[in-house]
Amino acid sequence: MSGKTSQRLFRVRLDRMVDQLRHEIVSGQYAPGDFLPSESDLAETFGMSNKSVRQGLSILVEEELIRKIPRVGNQVTETVHQSVVTVTLGVNSSLERDMALSRLLEAFQRKYRSIRVQPITIPGKSRLFIEEYVDHGLVDACIINNQYFQDITDSGKVQLLEPLAAEPGHYRFLNETFSAGGVQYAQPLLFGPIVLCYNKEHFREAGLSEPDSSWTWDDCLEYARQLTRPGERYGFVFYELSANRWPAFLLQSGMKLGLNRDGRCDISGTPMLDSIRLYDRIIHDAELFPKVMSESNDDIERLFMTGKVSMILTSYTSLNELKHSGLGYDISSLPYLQEPRTLAVSMGACIRRGSDKKQAARLLVDFLGSLEGQLIIRNETLSIPSLKSAAETKVADELNRPSRFDLFRDILPSMRTHGELNLTSEGFVVLWGLLKQYWSRFINEETLCRLVGEQLSAHIRKE
Numbered sequence: 003m004s005g006k007t008s009q010r011l012f013r014v015r016l017d018r019m020v021d022q023l024r025h026e027i028v029s030g031q032y033a034p035g036d037f038l039p040s041e042s043d044l045a046e047t048f049g050m051s052n053k054s055v056r057q058g059l060s061i062l063v064e065e066e067l068i069r070k071i072p073r074v075g076n077q078v079t080e081t082v083h084q085s086v087v088t089v090t091l092g093v094n095s096s097l098e099r100d101m102a103l104s105r106l107l108e109a110f111q112r113k114y115r116s117i118r119v120q121p122i123t124i125p126g127k128s129r130l131f132i133e134e135y136v137d138h139g140l141v142d143a144c145i146i147n148n149q150y151f152q153d154i155t156d157s158g159k160v161q162l163l164e165p166l167a168a169e170p171g172h173y174r175f176l177n178e179t180f181s182a183g184g185v186q187y188a189q190p191l192l193f194g195p196i197v198l199c200y201n202k203e204h205f206r207e208a209g210l211s212e213p214d215s216s217w218t219w220d221d222c223l224e225y226a227r228q229l230t231r232p233g234e235r236y237g238f239v240f241y242e243l244s245a246n247r248w249p250a251f252l253l254q255s256g257m258k259l260g261l262n263r264d265g266r267c268d269i270s271g272t273p274m275l276d277s278i279r280l281y282d283r284i285i286h287d288a289e290l291f292p293k294v295m296s297e298s299n300d301d302i303e304r305l306f307m308t309g310k311v312s313m314i315l316t317s318y319t320s321l322n323e324l325k326h327s328g329l330g331y332d333i334s335s336l337p338y339l340q341e342p343r344t345l346a347v348s349m350g351a352c353i354r355r356g357s358d359k360k361q362a363a364r365l366l367v368d369f370l371g372s373l374e375g376q377l378i379i380r381n382e383t384l385s386i387p388s389l390k391s392a393a394e395t396k397v398a399d400e401l402n403r404p405s406r407f408d409l410f411r412d413i414l415p416s417m418r419t420h421g422e423l424n425l426t427s428e429g430f431v432v433l434w435g436l437l438k439q440y441w442s443r444f445i446n447e448e449t450l451c452r453l454v455g456e457q458l459s460a461h462i463r464k465e
C-alpha cells in the first residue's frame, strides 16, 4: 500500500470514528457523565491504533464534548446540553464565493457546539445597513468591507461597534483600515487588490509577450488593439461603473483631493484630471473597449471565461469566479499613468457593542481571524487572507490559481484604499455623480472642474 493511500485510509477511519462518536454524544446516546468505550475497544471497533484513537478523541476534547480523565477514561461533558446561543451574522451575498463562508461556519460550530450562527444578508447600500441593521440591533456581528466601515465612521456611528484588540500577525495596513481614532473596530479577514487579468492563449496566438510590471496604460491599450478580433473578441474591458475600478485610476495620480488657499477643491491642470481624462479615453475607445450592457462585474467575468475578452481589470476576490474553470489565465500588476498604484478592497468582521450575545460573537470573530479560519480561506478560495502566515502558506489544491498568485506580495507597497482620495463618504458619492456626467459626455471638462470646486469642497477630509 502506497504512503498516500495509507494516509487517505487513516483519515477516512479517523473521520468516521470522530463523526460517529460526536453524533452519539449530541443525540444523547451518551449522557453527560457517561464514559466512552476504552481506547483499546475503540481501536478494535474502528480498525485503528491506540495512538490514532487518542488523536481522534483529542478533537472531541477540543470541541468540549468530552473531558479526558487520566487513568480513568473519556467522560461526556455537559456542554452539548447547555442552552444554545444563536448569533446573527450580517453578511454580503458574495461571501460564500469570496471566503467559503459555509465551510468557515461549519468549522466554527464544530468547535463551539453551544453556538449557532444565523447568517442574514445585509443591504447593498451602506447607509441602509447602518440605519436598519446596526441602529436597530438586527445583527450581533457582521462582515463588512472598508467602504462600509468608512460610512459607519463618517456617520458618527462607530461607537455602536465593539473595540477590538489589533492582532500583530495581520498585515498592518488592514488593521489601520478598520481603525478610527486609534481604536480598531473590525478584525481584518481578507483583501484583494485590483489587478490586470489576461487570457494566456490569446497572447500566444497573437505572438505577444505577456504583461509585466513595466506596463503603462498606453502599453495596455496598444496590446488590446492587437488582441482585438472584430466580431470575435475585444482586447480589453472592465465594469466601468464599479466603485472598485474607477478610483484606482484616480489613485494613480499620486495626489489627494484637497483645498487651495481659497478653500476650494481645484483639479484644473492636475495629475488627478489627467487620470480622469485617461479613464474617459479608455471607455470611449470603440475599437478595443466594447459597450457592454452589464449589471455587475460578474458579467465581465463571464465574457472573459468564454474567451470574448482578452484582458480585464479584476480583484483577487473576483478571481474566485475562475477557480473551478479550465481557463488558462494569469495576472499582472495594474498598468499605470503617474504612479504604479492599485486599489485594495478589504473585508473585516465587527461586533455590535449593544449585543446581548457579545461573548459568543467575539468567539466567532476571533475564529474567523485565527490561523484555522484564515487557512480555510487560503485553501478554499483565491482571496488573500489578512493573516500573513496564512496568506503566505503554500497550498497544493485543485483550484485554478494563476501561476503569479503571489504577485500580491510584490505590490503591497502600491496598494491604496478609497479613503486615500481624502473624501468623506458623502463626498465620494458626490464625486462619482460628477464623473458619471463627465464620462457620459453630459458635461465638459471645464464644467466638471467648476462643479468639483462648488460641490466637493465641503467634503474634503480635515487633516
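Converting from the sequence shown to the working numbering requires adding 2 to each position, the first position being numbered 1.
Ideal Cβ positions, reconstructed from N, Cα and C, are used throughout, including at glycine.
The model shown is predicted, which means the values in this text are computed figures rather than measured ones.
Option nearest residue i by Cα separation, candidates the options
{"i": "residue 164", "options": "71, 353, 144", "result": "353"}
{"i": "residue 88", "options": "441, 392, 443, 363", "result": "363"}
{"i": "residue 383", "options": "373, 328, 397", "result": "397"}
{"i": "residue 136", "options": "171, 91, 166", "result": "91"}
{"i": "residue 436", "options": "421, 423, 33, 452", "result": "452"}
{"i": "residue 2", "options": "9, 441, 19", "result": "This structure cannot speak to residue 2, because the chain is shown only from 3 to 465."}
{"i": "residue 237", "options": "201, 400, 321", "result": "201"}
{"i": "residue 423", "options": "251, 188, 140", "result": "251"}
{"i": "residue 1", "options": "274, 307, 333, 290", "result": "Residue 1 lies beyond the range of the chain shown here (3 to 465); nothing can be said about it."}
{"i": "residue 401", "options": "331, 285, 63", "result": "331"}
{"i": "residue 290", "options": "17, 51, 195, 231", "result": "231"}
{"i": "residue 108", "options": "375, 278, 195, 310", "result": "375"}
{"i": "residue 71", "options": "96, 41, 391, 458", "result": "41"}
{"i": "residue 412", "options": "197, 203, 48, 93", "result": "197"}
{"i": "residue 258", "options": "101, 52, 36, 425", "result": "425"}
{"i": "residue 355", "options": "127, 76, 51, 166", "result": "166"}
{"i": "residue 379", "options": "288, 190, 337", "result": "190"}
{"i": "residue 195", "options": "213, 175, 293, 203", "result": "175"}
{"i": "residue 325", "options": "336, 304, 349, 132", "result": "304"}
{"i": "residue 280", "options": "218, 309, 323", "result": "218"}
{"i": "residue 260", "options": "33, 55, 462", "result": "462"}
{"i": "residue 270", "options": "28, 51, 450", "result": "450"}
{"i": "residue 95", "options": "47, 284, 69, 124", "result": "124"}
{"i": "residue 74", "options": "102, 35, 272, 110", "result": "35"}
{"i": "residue 372", "options": "212, 77, 170, 302", "result": "170"}
{"i": "residue 263", "options": "21, 459, 153, 145", "result": "459"}
{"i": "residue 120", "options": "390, 131, 106", "result": "106"}
Residues sharing a beta bridge with residue i, DSSP
{"i": "residue 218", "result": "338"}
{"i": "residue 159", "result": "Its beta-bridge partners do not exist; DSSP assigns none."}
{"i": "residue 196", "result": "317"}
{"i": "residue 417", "result": "344"}
{"i": "residue 122", "result": "92"}
{"i": "residue 236", "result": "311"}
{"i": "residue 190", "result": "350"}
{"i": "residue 172", "result": "389"}
{"i": "residue 166", "result": "186"}
{"i": "residue 231", "result": "235"}
{"i": "residue 373", "result": "DSSP, once it has assigned bridges, lists no residue as partnering residue 373."}
{"i": "residue 181", "result": "186"}
{"i": "residue 201", "result": "331"}
{"i": "residue 117", "result": "87"}
{"i": "residue 379", "result": "None; residue 379 has no bridge partner."}
{"i": "residue 1", "result": "Lying outside 3 to 465, the shown extent of the chain, residue 1 is not represented and no answer is given."}
{"i": "residue 462", "result": "425"}
For residue j and residue i, believed in contact at Cβ under 8 Å, the rounded distance
{"i": "residue 143", "j": "residue 367", "result": "6 Å"}
{"i": "residue 347", "j": "residue 193", "result": "7 Å"}
{"i": "residue 351", "j": "residue 245", "result": "That belief does not hold up - the Cβ atoms of residue 351 and residue 245 are roughly 21 Å apart, past 8 Å."}
{"i": "residue 267", "j": "residue 454", "result": "6 Å"}
{"i": "residue 19", "j": "residue 44", "result": "7 Å"}
{"i": "residue 313", "j": "residue 226", "result": "6 Å"}
{"i": "residue 115", "j": "residue 66", "result": "7 Å"}
{"i": "residue 292", "j": "residue 221", "result": "Wrong, their Cβ atoms sit about 20 Å apart, outside the cutoff."}
{"i": "residue 468", "j": "residue 335", "result": "This structure cannot settle anything about residue 468, because the visible part of the chain is limited to 3 through 465."}
The ligand NAD heavy atom lying under 8 Å from the CB of residue i
{"i": "residue 173", "result": "With respect to the ligand NAD, the structure shown offers nothing to examine, as it has no ligands at all."}
Mind the definition here: the stretch 180-187 touches the stretch 159-168 only if three or more C-beta pairs lie below 8 Å; say whether that holds.
yes
Can you check the stretch 77-105 for any alpha helix (DSSP H) of at least 4 residues that lies completely inside it and give the ranges in chain order?
97-101
Can you list the beta strand (DSSP E) stretches of 3 or more residues lying completely in the stretch 323-354, in chain order?
331-334, 344-353
Given 8 Å, three or more beta-carbon pairs between the stretch 144-152 and the stretch 417-431:
yes
Write down every uninterrupted run of the alpha helix (DSSP H) in the stretch 17-80 whose length is 4 residues or greater and which is fully enclosed by it, in chain order.
41-48, 52-64
Identify every run of the beta strand (DSSP E) within the stretch 125-159, keeping only runs that are complete inside it and at least 3 residues long; order them along the chain.
143-147
Between the stretch 375-395 and the stretch 314-321, can you find at least three pairs of beta-carbon atoms closer than 8 Å?
yes
Minimum length 4: unbroken alpha helix (DSSP H) runs contained in the stretch 426-456
427-441
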